[in-house]
Amino acid sequence: MEKDARPSWDNPTQFVLACVSYAVGLGNVWRFPYLCQMHGGGGFMIPYLLMLALEGIPLFYMELAIGQRMRLGSIGAWNAISPYLGGVGIASVVTSLYLCLYYNVINAWSFWYLFQSFQSVLPWSECPINNNLTGFVEECEIATPTQYFFYRETLDISSSIDENGGVHMGQALCLLLSWMIVYLFIVKGVKSTGKVVYFTATFPYIVLFIYLIRGVTLHGALNGVKYMFTPKLEQLANPQTWINAATQIFFSLGLGFGSLIAFASYNHHNNNFEHQAIMVSLINSGTSIFASIVTFSIYGFKATLNYENCLEKVRVLLLNILEMAEDSITQDNLDYWMSELNRTQPEQYAGLSPKLDSCNLESELDTAVEGTGLAFIVYSEAIKNMPAAQLWSVLYFIMLLLLGMGSMLGNVTAIITPLRDFKVLARNFSNGTLNGLVCLLCLLLGLGFTTRSGNYWFTMFNEYGATFSLLFIVLVEVITVGYIYGLKRFEKDVEDMLGRRPNWYWKIMLAGVSPILLISLFVFYIINYIQGGTPTYQAWNKDLGKSVVMEYPWYGQAFIALLLVSSVSCVPLNALYAFCMKKQKIIQSQECTISMNTVKSACKPCC
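Under the working numbering, the letters of the sequence shown match residues 50 to 656, in that order.
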């Protein structure tokens, strides 16, 4: 009766939009373009789309089927399959908690940049004046205004993880605002989330489309788009290309967090999750490609601008050397005048030639930038050079916010849904109270990321908080469905919901191909971690105006080990607990039987 009383989506469209809003996130905008850039442009599409078919869609399908069949959150669903597997759901909740702690910090940064965008001059477009009013801040001049604004104004970052410093009040307030909005979006559970996703799932596409029109009309944009779609097929022989393609599919779809299971648990029993799994997976991958076109058009604009600025510096130097009129040398005839300089003044040519050689459009495009660097530095630098920069800045950071908030809805739901499945919590806490307590806990813990060393802890959570544990969780899930719960039972469950059994594609993928791929990824991750030596991080050096590589201190390495072990250990520890409880019940049952037999024996003479 409790399952029948479970709230549900108003219609299948809400569920699809919730999945799209969750799966299509910041990784589509910044990580996928970075991987394309690093692994051969258009050539990366081949392993990416292949891994989508072999790994992404089948695992997405599997999690939706489990959630819809059990109509429970991750803990309850896996516990219903086997008491020994309840730890899989607990591990998912722990991993989702880690993600929520640092992911909403990105939304706080987006709010910070959004508020700063309403100034008459974008604050990252030029260096601030120093305290002596004699010039610009030296750190900013050594770096760039966009880097200075991100590292110094936004993060107020320390020089290493050892220097803690106080809380950045501006960032703390932005984080508070981010969690308040998340709470408003989920305050009534699926009923309020179902309304919000109409906006969070669709508006980013409107902004992306506007940016596409603006991006492709920018000077040099086609250089970036051409670079993206020019395949470097030699990268297909690189195993790392295939591993990164498989990993990107895996994380982009949000597998293993328990969010998809939670969302699907609010579906009606006969909802056609098969079509929805295919649809959402294709939308997610299509968005990655679409966002990459936008990103590379803007990246081409920035690279072309840097290239032409470099040529302009050489042109000015050449004009001074040759003592010619301003308009006599242009960038188009620069090579001719350089050859003339070589003929007439070879010594001057020898000094100027290396500077011209450093001006290379291909090398500008080859410079790969990942994650927050792409989102908050490269994009900001491109935006400041656009006409009506404030407008484009506002649109961009609103888009980032909606992408981030959409993913947060799924991650918070992955925590709250399993908690509400516990009768004690459901009886004693209303939806609003329980949701508020979860958000408050995450806010308080997340304040640590707003300290001066917070970005280094952010990086630690981002790199180690979810990667290893998610691979392990989904590997256990697919092995459970294929070989413990049994593929035949799974087929019957699907038939009960859809009226037909899974076809050969789903069975081959879930029973063979997907597990093999996941085992390969899991083994690779372990080997790569062992061979990587001491974990390192990028620390900002204000004297050099750039990031430098530093090793984590002993306590940082210990915390990394804790992140890796804490969620994964939930699976064996819960299995051990379930085994001990079962053993205890057997012993109690035997003792009860012996006691009853003793009573019967004592009463027999009397009868």
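The beta carbon of each residue, even a glycine, is placed where N, CA and C say it ideally should be.
{"Item": "DSSP state of W386 mapped onto helix, strand, coil", "Value": "helix"}
{"Item": "Alpha helix (DSSP H) segments (min. 4 residues) lying fully within the segment 563-622", "Value": "563-580, 603-617"}
{"Item": "Cα-Cα separation between A67 and R201, rounded to whole angstroms", "Value": "36 angstroms"}
{"Item": "Counted within 10 angstroms of its Cβ, other Cβ atoms place R549 as buried (16 or more) or exposed", "Value": "exposed"}
{"Item": "Three-way DSSP call (helix, strand, coil) for I432 in this model", "Value": "helix"}
{"Item": "Minimum C-alpha distance to G215 - residue among D542, L450, L204", "Value": "L204"}
{"Item": "The segment 284-298 in contact with the segment 570-586 per 3-pair CB rule at 8 angstroms", "Value": "yes"}
{"Item": "Pair within 8 angstroms by beta-carbon distance, L566 and L103", "Value": "yes"}
{"Item": "Minimum length 4: unbroken alpha helix (DSSP H) runs contained in the segment 496-552", "Value": "503-513, 516-528, 536-547"}
{"Item": "Status (buried if at least 16 other CB within 10 Å, exposed otherwise) for K472", "Value": "exposed"}
{"Item": "Segment limits, alpha helix (DSSP H) that includes T466", "Value": "438-469"}
{"Item": "Identified DSSP bridge partners for V216", "Value": "T500"}
{"Item": "I178 - DSSP class collapsed to helix/strand/coil", "Value": "strand"}
{"Item": "Proximity below 8 angstroms, CB of L444 to CB of I579", "Value": "no"}
{"Item": "Residue burial classification, R476 (beta-carbon count within 10 angstroms, cutoff 16)", "Value": "exposed"}
{"Item": "Beta carbon of L150 nearer than 8 angstroms to that of G495", "Value": "yes"}
{"Item": "Nearest to S131 (by Cα), restricted to the options D542, S638, Y534", "Value": "Y534"}
{"Item": "Delimiting residues of the alpha helix (DSSP H) encompassing A33", "Value": "This structure gives no information on residue 33, because the portion of the chain shown stretches from 50 to 656."}
{"Item": "Top-ranked residue by Cα proximity to A192, from L366, M546, E512, L593", "Value": "L593"}
{"Item": "Beta-carbon gap between D542 and A114 smaller than 8 angstroms", "Value": "yes"}
{"Item": "Through-space distance from L309 to F109, alpha-carbon basis", "Value": "8 angstroms"}
{"Item": "Residues near L366 in its chain [Cβ-Cβ closer than 8 angstroms; skip 5 each side]", "Value": "L401, K404"}
{"Item": "Identified DSSP bridge partners for W185", "Value": "Correcting the residue type first, residue 185 is Phe in the shown sequence and not Trp. DSSP lists I178 as partners of F185."}
{"Item": "Nearest candidate by alpha-carbon position, reference I327, set L302, Y601, V343, N180", "Value": "L302"}
{"Item": "Local conformation of H317 per DSSP, three classes", "Value": "coil"}
{"Item": "Stretch pair the segment 156-168 + the segment 552-564: three plus CB contacts closer than 8 angstroms", "Value": "no"}
{"Item": "Test item: CB-CB of K237 and N480 under 8 angstroms", "Value": "yes"}
{"Item": "Three-state class that DSSP yields for F258 in the structure shown", "Value": "helix"}
{"Item": "Selected residue, minimal CA-CA separation from Q380, among M218, L368, M454", "Value": "L368"}
{"Item": "Cβ neighbour criterion (16 or more within 10 Å) applied to T499", "Value": "buried"}
{"Item": "Which of helix, strand or coil DSSP assigns to W127", "Value": "helix"}
{"Item": "Residues of its chain near M599, where Cβ-Cβ distance is below 7 angstroms and the 5 sequence neighbours each way are ignored", "Value": "S209, T585, Y586, A588"}
{"Item": "Rounded separation between M50 and A313 - CA only", "Value": "Residue placement at M50 is poorly supported in this model, since its pLDDT is 37, which falls under 50; the coordinates are not used for a value here."}
{"Item": "Pairwise C-alpha distance: I432 and E442", "Value": "In the sequence on display, residue 442 carries Ser and not Glu. Looking at the two C-alpha atoms, the distance is approximately 6 angstroms."}
{"Item": "Nearest-angstrom Cα separation, counted from I528 out to L570", "Value": "15 angstroms"}
{"Item": "Limits of the unbroken alpha helix (DSSP H) element including V365", "Value": "322-371"}
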